[in-house]
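Trainee: I'd like to ask you about the structure that follows.
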Amino acid sequence: MKKLMKALAIAAAVLVAQGAHAEDKKFTVAYIAPSLDIDYWQWVAHGVQQKAKDLGMNYVEYTSENSPAKQMDNARVAVTRGVNAVVIGPVSSTSTPPLLAYLAQQKVPVAFAGIGPQPGQTNYTSSVTANNYETGLAQGKYTCELAKERGGKEVGMLSLPQDRENAQKYLKGAKEAFQANGCELVQMLETKGLTINEAVTQANDLLTAHPNVKAIYGMYDQAGSGAAKALATRGLTGKVGVTVADGSPTTIQLLKDGAIQGIFFQEAVGQGIDATEQVYKALKGEKTTQNMALVMPLVKAADISSDAAKKVIARVFPQ
Amino acid sequence: MNTKAQPMTSNDSLPPAPRAPSILSAYRSEMAIAIACIALLVGVGIFVPAALSAGNFANILQASAPLVIMSLGVLVVIITGGIDLSVGSIFSLTGMVTALAMANGFGDVSASLAGLGVGLVFGSINGALITLVGLAPFVVTLITYAVAASLAFIVTNGRSLGVDSPDYWLFNSGQIIPGLPNFVLFCLLFTVALEFVLRKVTAGRWFYSVGSSPMAAYLLGIPVKRTRFAAYVISGTMASFAGLLTVSYILNAEATAGASLMLQAIAAVVIGGASLSGGSGSAVGAVLGALMITIIQNGVNLIGINSFWQGSVTGLAILVAVLIDRFSHR
Chain A
4 MKKLMKALAI
14 AAAVLVAQGA
24 HAEDKKFTVA
34 YIAPSLDIDY
44 WQWVAHGVQQ
54 KAKDLGMNYV
64 EYTSENSPAK
74 QMDNARVAVT
84 RGVNAVVIGP
94 VSSTSTPPLL
104 AYLAQQKVPV
114 AFAGIGPQPG
124 QTNYTSSVTA
134 NNYETGLAQG
144 KYTCELAKER
154 GGKEVGMLSL
164 PQDRENAQKY
174 LKGAKEAFQA
184 NGCELVQMLE
194 TKGLTINEAV
204 TQANDLLTAH
214 PNVKAIYGMY
224 DQAGSGAAKA
234 LATRGLTGKV
244 GVTVADGSPT
254 TIQLLKDGAI
264 QGIFFQEAVG
274 QGIDATEQVY
284 KALKGEKTTQ
294 NMALVMPLVK
304 AADISSDAAK
314 KVIARVFPQ
Chain B
13 MNTKAQPMTS
23 NDSLPPAPRA
33 PSILSAYRSE
43 MAIAIACIAL
53 LVGVGIFVPA
63 ALSAGNFANI
73 LQASAPLVIM
83 SLGVLVVIIT
93 GGIDLSVGSI
103 FSLTGMVTAL
113 AMANGFGDVS
123 ASLAGLGVGL
133 VFGSINGALI
143 TLVGLAPFVV
153 TLITYAVAAS
163 LAFIVTNGRS
173 LGVDSPDYWL
183 FNSGQIIPGL
193 PNFVLFCLLF
203 TVALEFVLRK
213 VTAGRWFYSV
223 GSSPMAAYLL
233 GIPVKRTRFA
243 AYVISGTMAS
253 FAGLLTVSYI
263 LNAEATAGAS
273 LMLQAIAAVV
283 IGGASLSGGS
293 GSAVGAVLGA
303 LMITIIQNGV
313 NLIGINSFWQ
323 GSVTGLAILV
333 AVLIDRFSHR
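Order-wise, the sequence lines are chains A and B.
Position 63 of the first sequence, counting from 1, maps to 66 under my numbering, and the rest follow consecutively.
Position 20 of the second sequence, counting from 1, maps to 32 under my numbering, and the rest follow consecutively.
Pasting the structure below:
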């Protein structure tokens, strides 16, 4: 009898200890980036990591190196490793259906950050992206204003590759804004390498082919830097307006220097924060928001030192 | 077996050099490419007259300068029958190292030397692994391509770096000779120097001999290994120099800056008349090849053709150049 009591006491102690361990168990969130060699995705990662820390979650990250196959492998590795939730910037929207099917099967909540799922997919917790169409409209309107202020109506564009859904939305919005505000998009050049050097060359070619261009719409950060450099070389800084989407320390400095007139900030860190918050809510059984299209706020040179601008920039890249 | 080749002491043991060919016959292929470049420019000018403006010529020269210099280095390797896939990554890493050195208080000159050291080190590694260990150039330079590309991200954790030095732009855009931007001067100097070395200097002709027939070159007493080693060091160093020029131009270093340049440099050399099997090619041809690629890119942009066609147009240009070369030698 004594032995039985002793055995029961030990068993009870083990169960209590296991229960306490379960209480202490932290959720783990995995961030799967399309490619961590890009600043933007590093900043999203920072947001996920920061929010995970605030929420008491563990954090792991994977890079898919722009390969849908690697992305799927990463998801499987994450699940095997025992992560509770996934925040993902997919390699492409079209790569998401099999991934979502797998994660749904594993009952792992998943939130998108930066790039959303393929249209028609519903089995995800949340999609936190920039509102590219609305930003295209706003940036197009402001670019047109800059052109008119400089005595013209011709505008040029340095675009992301148009095989990307976000680029198509930017362009659609911009074209509508140009038309509505009386400006003419005389040329659009698409990047391949996303480097400043390429953008300088393209901006030079654009200005050579269309010397009456009075404003340049930069659809990505390096486009703004490249356009500013080309204009500086030609002695046209300020005489041709430049707007840019995304934002980085480089383009913020150019904004302060007057080489760029406006930045539409894409809140990379903010997207990571919001996506992590959504999967955490899902794990807690709280209400989530499935589609969050964040408006990209405009900051002009004159406002760059304001508290509002600082607040915006804090959600763009790590300070 | 004694593997150490005896250095040559005179030109007598070399195959007889062609006897003073006329400029026209010596540069027949190159002239065909030059004519093709002019035709391309005029063709674009029909659609966009500004293509023929002085401003656009300046754009083309500036845009082509890094490619020209990188192509000259790659040319030397290709003449020896090798290949260098690492130049694009060396280009990127050079920029990152230079910008990082400046951000850490190094002066313009010492930071640039640090950047140039990247090419020297990677070129030496390529050369050593190929000549001493006997690995295939494709494999070795594929490895160093991957390592240098990786290091370009590691050194700054993937972030692009701005260059704050107020005078660094002078390296590219200043004018040591009034009226001649430095980037043009460097291109001219490197081209003339390399063309002279390849055609007139005994050691320069060793590159051709090694590329044509390494065994024959060895039997003639040419130091095959040292020649090959030198080719990779030259290629790496030139890639670094091109990287420095670009950093000086845009005052910014990016880890992916040279990603597309490696294939363009090889294409430029092939367009310029060099054979990938070695033993042929000229500096003038490589420069014209680089200019042709830049003119195509410029023309596609000016006319407003979707930039994704650039690859197809460049491929077609290579085909035409190879065909011209083939028929001009019949």
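The beta-carbon is built from N, C-alpha and C at its ideal position, and this holds for glycine as well.
Every value quoted in this text rests on a predicted model; they were computed, and no experiment measured them.
#1: Got a sec? Which residues, its chain only, sit under 8 Å from valine 332 of chain B by beta carbon, not counting five neighbours each side?
#2: Return the residue from the list B:Met108, B:Asn116, B:Ser101 that minimises the CA-CA distance to glycine 135 of chain B.
#3: Can you tell me whether isoleucine 35 of chain A is helix, strand or coil according to DSSP?
#4: Kindly indicate which three-state DSSP category valine 94 of chain A falls into: helix, strand or coil?
#5: Can you name, in chain order, every residue of its own chain whose Cβ lies under 7 Å from the Cβ of lysine 73 of chain A, other than the five neighbours on each side?
#6: Compare the C-beta of threonine 128 of chain A against all C-beta atoms of chain B and say whether one is closer than 8 Å.
#7: Quick one: is isoleucine 199 of chain A near chain B, going by C-beta distance under 8 Å?
#8: Once DSSP output is grouped into helix, strand and coil, what is the label at isoleucine 166 of chain B?
#9: Express the C-alpha separation of valine 325 of chain B and leucine 188 of chain A in angstroms, rounding to a whole number.
#10: In chain A, which residues lie less than 7 Å from alanine 123 of chain B when you measure between Cβ atoms?
#11: Do the CB positions of valine 222 of chain B and valine 204 of chain B come within less than 8 Å of each other?
#12: Among the residues of its own chain, which have a CB less than 8 Å from the CB of cysteine 147 of chain A, if the five just before and after it don't count?
#13: Using only the alpha-carbon positions, how far apart do isoleucine 137 of chain B and alanine 75 of chain B sit?
#14: Do we get a CB-CB distance below 8 Å when we pair serine 96 of chain A with the residues of chain B?
#15: I'd like to know if the segment 246-258 of chain B and the segment 112-132 of chain B are in contact, where contact means that at least 3 CB-CB pairs between them fall below 8 Å.
#16: Report the rounded CA-to-CA distance for aspartate 166 of chain A versus isoleucine 188 of chain B, giving the unit in angstroms.
#17: With tyrosine 220 of chain A as the anchor, note down where its beta strand (DSSP E) starts and where it stops.
#18: Okay, do the segment 220-232 of chain A and the segment 115-132 of chain A touch, 3+ Cβ pairs below 8 Å being the bar?
#19: State buried or exposed for alanine 25 of chain A, treating a residue as buried only when at least 16 other CB atoms are found within 10 Å of its CB.
#20: Give the residues from the segment 249-263 of chain B that approach chain A closer than 9 Å (Cβ to any Cβ), ordered along the chain.
#21: Are there three or more Cβ pairs, one per stretch, closer than 8 Å when the segment 272-284 of chain B is compared with the segment 181-199 of chain B?
#22: Taking the alpha helix (DSSP H) that lysine 313 of chain A falls in, what are its first and last residues?
#23: I'd like to know whether the C-beta of asparagine 68 of chain B is nearer than 8 Å to at least one C-beta of chain A.
#24: Could you work out which residue in A:Pro37, A:Ala170, A:Phe268 is closest to isoleucine 307 of chain A when comparing CA atoms only?
#25: Counting C-beta neighbours from all protein chains within 10 Å, is the total for arginine 217 of chain B 16 or more, i.e. buried, or is it exposed?
#26: Could you name the residues that DSSP lists as bridge partners for glutamate 157 of chain A?
#27: Does the segment 92-108 of chain B touch the segment 206-213 of chain B, meaning 3 or more C-beta pairs lie closer than 8 Å?
Mentor: In brief:
#1: In the second sequence, residue 332 of chain B corresponds to position 320, counting from 1. Hits under 8 Å: Ala48.
#2: The sequence position of residue 135 of chain B within the second sequence is 123, counting from 1. Residue B:Ser101 is the option with its Cα nearest to glycine 135 of chain B.
#3: Locating residue 35 of chain A in the first sequence gives position 32, where the first residue counts as 1. Correct three-state label for isoleucine 35 of chain A: strand.
#4: Locating residue 94 of chain A in the first sequence gives position 91, counting from the first residue. Correct three-state label for valine 94 of chain A: coil.
#5: By one-based count along the first sequence, residue 73 of chain A stands at place 70. Once the five neighbours on either side are set aside, the close Cβ partners of lysine 73 of chain A are Ser67.
#6: Against the first sequence, residue 128 of chain A aligns to sequence position 125. So no, threonine 128 of chain A is outside the interface.
#7: Reading the first sequence from its first residue, position 196 is the one you call residue 199 of chain A. Taking Cβ atoms only, chain B reaches closer than 8 Å to isoleucine 199 of chain A, which makes this a yes.
#8: Here the question's residue 166 of chain B lines up with position 154 in the second sequence. Three-state result, isoleucine 166 of chain B: helix.
#9: In the first sequence, residue 188 of chain A corresponds to position 185, counting from 1. In the second sequence, residue 325 of chain B corresponds to position 313, counting from 1. Computed Cα separation, rounded: 25 Å.
#10: Taking the second sequence and counting its residues from 1, the one referred to as residue 123 of chain B is at position 111. Those within 7 Å of alanine 123 of chain B in chain A number zero; the least Cβ separation is about 19 Å.
#11: In the second sequence, counting from the first residue as 1, residue 222 of chain B sits at position 210. In the second sequence, counting from the first residue as 1, residue 204 of chain B sits at position 192. Result no, Cβ atoms of valine 222 of chain B and valine 204 of chain B do not sit closer than 8 Å.
#12: Start at 1 with the first residue of the first sequence, and residue 147 of chain A comes out as number 144. These residues qualify, in order along the chain: Lys156, Val158, Ala180, Phe181, Asn184, Gly185, Cys186, Ala218.
#13: By 1-based counting over the second sequence, the position of residue 137 of chain B is 125. By 1-based counting over the second sequence, the position of residue 75 of chain B is 63. Going from the Cα of isoleucine 137 of chain B to the Cα of alanine 75 of chain B covers about 29 Å.
#14: Sequence index remark: in the first sequence, residue 96 of chain A carries index 93 (1-based). Serine 96 of chain A does not count as touching chain B.
#15: yes
#16: For the purposes of this step, residue 166 of chain A is identified with residue 163 of the first sequence, where counting begins at 1. For the purposes of this step, residue 188 of chain B is identified with residue 176 of the second sequence, where counting begins at 1. Distance between the alpha carbons of aspartate 166 of chain A and isoleucine 188 of chain B: 45 Å.
#17: Against the first sequence, residue 220 of chain A aligns to sequence position 217. Per DSSP, tyrosine 220 of chain A belongs to the beta strand (DSSP E) from 216-221.
#18: no
#19: Against the first sequence, residue 25 of chain A aligns to sequence position 22. Unreliable positioning characterises alanine 25 of chain A in this predicted model, as indicated by a pLDDT of 44, which lies under 50. A coordinate reading is not provided.
#20: Thr258, Tyr261, Ile262, Leu263
#21: no
#22: Numbered from its first residue, the first sequence carries residue 313 of chain A at position 310. Note, lysine 313 of chain A: alpha helix (DSSP H), 310-317.
#23: If you number the second sequence from 1, residue 68 of chain B lands on position 56. At least one chain A Cβ lies under 8 Å of asparagine 68 of chain B.
#24: Locating residue 307 of chain A in the first sequence gives position 304, counting from the first residue. For the residues A:Pro37, A:Ala170, A:Phe268, the minimum Cα distance to isoleucine 307 of chain A belongs to A:Phe268.
#25: For this step, residue 217 of chain B is matched to residue 205 along the second sequence. Label assigned to arginine 217 of chain B: buried.
#26: Numbered from 1 along the first sequence, position 154 holds the residue referred to as residue 157 of chain A. In DSSP, glutamate 157 of chain A forms a bridge with A:Glu187, A:Val216.
#27: no
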